[in-house]
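Working notes, structure below.
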């Protein structure tokens, strides 16, 4: 990839961090915040959504474009969701636990809470909310965080409801699951103070650490999402949505800078060529006898082929502007938003079954010469017409500037077009939820994860590595709870981090283990009802049959602690079975026999006791 001078290009970036909160109930109802398997749904219903005007009578451009695609939205409901998620009952008051956690985060970023928080409606018609809008409330403003490249301002923090989870495409539209809809979510927006990809990553990592310091945020894939706003001086502000992995942020920024820089070069070259975009035309006759499977399929279904001449664009439509993405990909993204599968263009033809003769006939049909390019769409007639118009509009933009738009993050660090940037017209007041007055005075400031690492080392005598694993791990809140109840810190830390990691690597379904399971197992060890050596076996048994309590599983699996008499009996049996080896090797036989003894006892005895008794029996026979 080309190395860019980000200062010279005038890179300006900002972040929007969206983090689910780990509350007992959802933001506007009393339903639990647990995710469900779609197969567990108890009923389903469908909706069609359309944009509404703001209180000033304006329509949001992004919502209008989204609504141009006629889709049916199907929703899966559960025995853990209610009528609020279905928009058949008004929302309840704002969840107090979610508000308190948001105020804790605000303290960590030196933010100023608002005097009164009002809930607003933000128009969203992509089906991710049954209402056609998302409820959101501004909670705090004017904070900051520090990075190695300088201070990054935190402009605002909002408390809002998470969207429904997209689970499948259907023949008529999209299927969503209501289990996620309504989970409390904080949205943290930085000022446009970020001036390098590395600083963007560092700022995101800092915010992530502060969020986890509360011990009250959900963990795992999909629970935190990063949006990145990027622009360069000659480019435009682009909002990149849905960066799932924190580690991708710097690559996303680099690739977006490269994309905009390439588009600026393309704009200047098109100006030098005096390029222009022609009129859309129907060119179905050119492909009446085509061998192209895509085009023939569309025509056989009664569709059409539409085209737009791009004068002066030859060689530019196929030019790469990001890894494996070209200007033609941008045109195609716009066409896809209108239902087409994509576009073909003459920079890549002949190919896909399209012949040289057909390319020549296509150029003749639209009056394109050798310095020009032509883009085509083959689809159902109405779709073909709207899709090629959208591609033509994007080509027109290439003549003038980098377009302001919302883009989606791809797994490879590139982005794709989603919709125009939203404006103020998408917001209007929520009249069903009363305002609240946040009171930060009763909210304690959380301990930072970095501070926890130091405290765990000093107070609990944990090694630095283990202390860091616990503090930054998903089980940190549970660790603090069980240690406060009297569980040995080293036992708790090694179980929650080392033992569970080993079981996961052995394909044990540890995701089935609840905090109650883990707490119960640790209590059994602390009470002497389970030896340390039995922890892994008992956790495995519980993971494979999670409906059982730890005590019940231990009894059924024979994992309870064995008394000294039982241990000695097992040790004697092993020593007698290996009598000749003991006589020949004496205490050198200890290591091999120790493993055999522990295997015979299946985790029912403490290793120190087994070791003591085995040494005793070997001495008797050596």
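Numbering (the UniProt record's numbering), first residue to last: 1 to 622.
Yeah, the Cβ is synthetic: ideal placement off N, Cα and C, and Gly gets one too.
This one's a predicted model, so the numbers in the text were calculated from it and none came from an experiment.
Query	Result
Simplified DSSP assignment, three categories, for residue 129	coil
Straight-line gap, residue 527 to residue 520 (C-alpha atoms, nearest Å)	10 Å
Residue 416 versus residue 333: straight-line alpha-carbon distance, rounded	7 Å
Residue span of the alpha helix (DSSP H) that contains residue 626, given as start and end	The requested residue 626 does not occur in the structure, where the chain is confined to residues 1 to 622.
Enclosing beta strand (DSSP E) for residue 241 [first to last residue]	238-243
Inside the region 419-500 only - beta strand (DSSP E) runs reaching at least 3 residues	427-429
Residue 497 vs residue 453 beta-carbon contact at 8 Å	no
Counted within 10 angstroms of its Cβ, other Cβ atoms place residue 386 as buried (16 or more) or exposed	buried
Cut-off 7 Å between Cβ atoms - residues of its own chain near residue 266, not counting five sequence neighbours on either side	316, 319, 327, 398
Buried versus exposed, by CB contacts within 10 Å (16 or more), residue 48	exposed
Proximal residues to residue 468 (C-beta, below 8 Å), its chain only, five neighbours per side dropped	453
Sheet register partners of residue 189 (DSSP bridge)	16, 156
Status (buried if at least 16 other CB within 10 Å, exposed otherwise) for residue 587	exposed
Cβ-Cβ separation, residue 384 to residue 508 (assumed contact under 8 Å), whole Å	Actually they do not touch by this definition, with Cβ atoms about 53 Å apart.
Distance, residue 284 Cα to residue 297 Cα	13 Å
Exposure of residue 112, with buried meaning 16 or more beta-carbon neighbours within 10 Å	exposed
Helix, strand or coil at residue 177 [DSSP, three-state]	strand
Residues near residue 483 by beta carbon distance below 8 Å, same chain, minus five either side	460, 489, 492
Close beta carbons around residue 223, own chain, < 8 Å, minus the five adjacent residues each side	19, 20, 217
Residue 101 versus residue 122 - alpha carbon distance	22 Å
Distance between residue 598 and residue 532 (C-alpha atoms, nearest Å)	12 Å
Same chain, Cβ closer than 6 Å to residue 487, neighbours up to 5 away in sequence not counted	522, 526
C-alpha gap between residue 106 and residue 226, whole angstroms	18 Å
Cβ neighbours of residue 596 in the same chain (closer than 7 Å, five flanking residues each side left out)	574
CB contact flag (residue 117, residue 435, <8 Å)	yes
Alpha carbon of residue 149 to alpha carbon of residue 104, nearest angstrom	26 Å
Of the residues 290, 323, 311, 228, the one placed nearest residue 259, counting alpha carbons only	323
Closest residue to residue 172 among 178, 147, 75 (Cα-Cα distance)	75
Inside the region 525-568 only - alpha helix (DSSP H) runs reaching at least 4 residues	535-544, 550-557
Beta carbon of residue 85 nearer than 8 Å to that of residue 181	yes
Residue environment, residue 14, which counts as buried when at least 16 other CB atoms sit within 10 Å	buried
Simplified DSSP state of residue 84, which is helix, strand or coil	coil
Neighbourhood of residue 503 by C-beta, 8 Å cutoff - its chain only, sequence neighbours within 5 removed	510, 536, 539, 540, 543
Outcome for residue 221 when other beta-carbon atoms lying within 10 angstroms are tallied against a minimum of 16	exposed
Outcome for residue 133 when other beta-carbon atoms lying within 10 angstroms are tallied against a minimum of 16	buried
Sufficient close CB pairs (3 or more, under 8 Å) joining the region 201-211 to the region 1-9	no
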